[in-house]
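Q: One structure is given below, represented as structure tokens, and several questions about it will come after.
In our numbering, the protein residues as written are 36 to 225.
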């Protein structure tokens, strides 16, 4: 991709072009938990409590992965700015591999630690059981989250902000459609 447009464009239009898709992406990203909460709240109060207990751990996983992806973003941007495409490609490849590895590690740690974590907050066996069901499914997809975040930050590093925004919006729409089907067992889902 030709990076000269970033060097030649005026600052304000460039800032708007780079930041608005990121702002929209973050807003769309927050819809994931809102949509989950909306449908889970229709099941029961205990289901909503379980979900609320799992969210902080989900946020921890997301924060670690986002922080790592932002670091890789900075490295890629550095090499792109230095006109060193080979090193930028290498950073992206290694970043993807490391992102997958630490997603697996975080998944294993969080799934293993979740029973103890939930029992710190409640003695209600139903809430613990519901929390474990939700967290096992949510954490099992942590590797997909890590991959998505790496792709998002790689696109951002090369100035393709709209690509990451469109991907996040597509994911959110799929989440809105699949959530009720998977939560309530509609269609092919038990």
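Note that beta-carbon positions come from the ideal geometry of N, C-alpha and C, so glycine has one too.
As the structure is a prediction and not an experimental result, all values here were calculated from the model.
For the alpha helix (DSSP H) containing residue 205, name the first residue and the last one.
A: Counting along the chain, the alpha helix (DSSP H) containing residue 205 begins and ends at 196-219.
Q: Suppose you measure from the CA of residue 36 to the CA of residue 203; what does that come to, to the nearest Å?
A: Model confidence at residue 36 stands at a pLDDT of 47, short of 50, so the residue's coordinates are unreliable and nothing is read from them.
Q: What ranges does the alpha helix (DSSP H) occupy inside the region 62-131, keeping only unbroken runs of at least 4 residues that lie completely in it?
A: Listed in chain order, they are 80-116.
Q: Compute the beta-carbon to beta-carbon distance between residue 141 and residue 96, rounded to the nearest angstrom, for a pair I have assumed lies under 8 Å.
A: Contact flag correct, Cβ pair sits at about 5 Å.
Q: Can you tell me whether residue 36 is helix, strand or coil according to DSSP?
A: Caution is warranted here: a pLDDT of 47 is assigned to residue 36, below 50, making its placement in the model unreliable, and no coordinate value can be reported.
Q: Report the CB separation of residue 172 from residue 138 in whole angstroms; it is logged as a contact under 8 Å.
A: Actually they do not touch by this definition, with Cβ atoms about 15 Å apart.
Q: Relative to the alpha-carbon of residue 60, which residue among 201, 224, 208 has its alpha-carbon at the smallest distance?
A: Considering only alpha carbons, the answer is 201.
Q: For a minimum of 4 consecutive residues, which ranges assigned as the alpha helix (DSSP H) are wholly contained in the region 151-200?
A: List check, alpha helix (DSSP H) in window: 160-175, 177-192.
Q: From residue 64 to residue 102, what distance separates their C-alpha atoms?
A: The straight-line gap from Cα to Cα measures roughly 16 Å.
Q: Please report how far the alpha carbon of residue 69 lies from the alpha carbon of residue 218, in whole angstroms.
A: Those two C-alpha atoms are separated by around 14 Å.
Q: Suppose you measure from the CA of residue 212 to the CA of residue 223; what does that come to, to the nearest Å?
A: Each residue's Cα considered, the two are about 13 Å apart.
Q: Taking all protein chains shown into account, decide if residue 46 is buried (16 or more other Cβ within 10 angstroms of its Cβ) or exposed.
A: By the neighbour-count rule (16 or more Cβ atoms within 10 Å), residue 46 is not buried but exposed.
Q: Output the distance between the C-alpha atoms of residue 186 and residue 93, rounded to the nearest integer angstrom.
A: Each residue's alpha carbon lies about 20 Å from the other.
Q: Quick test of the definition: if touching needs 3 or more C-beta pairs under 8 Å, does the region 161-171 touch the region 69-88?
A: Yes, the region 161-171 touches the region 69-88.
Q: Please state if the CB of residue 145 and the CB of residue 176 are separated by a distance shorter than 8 Å.
A: Not a contact, by the Cβ cut-off of 8 Å.
Q: Below 6 Å CB to CB, which residues in the same chain sit around residue 214 once its five sequence neighbours on both sides are set aside?
A: Once the five neighbours on either side are set aside, the close Cβ partners of residue 214 are 70, 74.
Q: Of the choices 220, 134, 209, 192, whose alpha-carbon is the least far from that of residue 115?
A: Minimum Cα distance to residue 115 is reached at 192.
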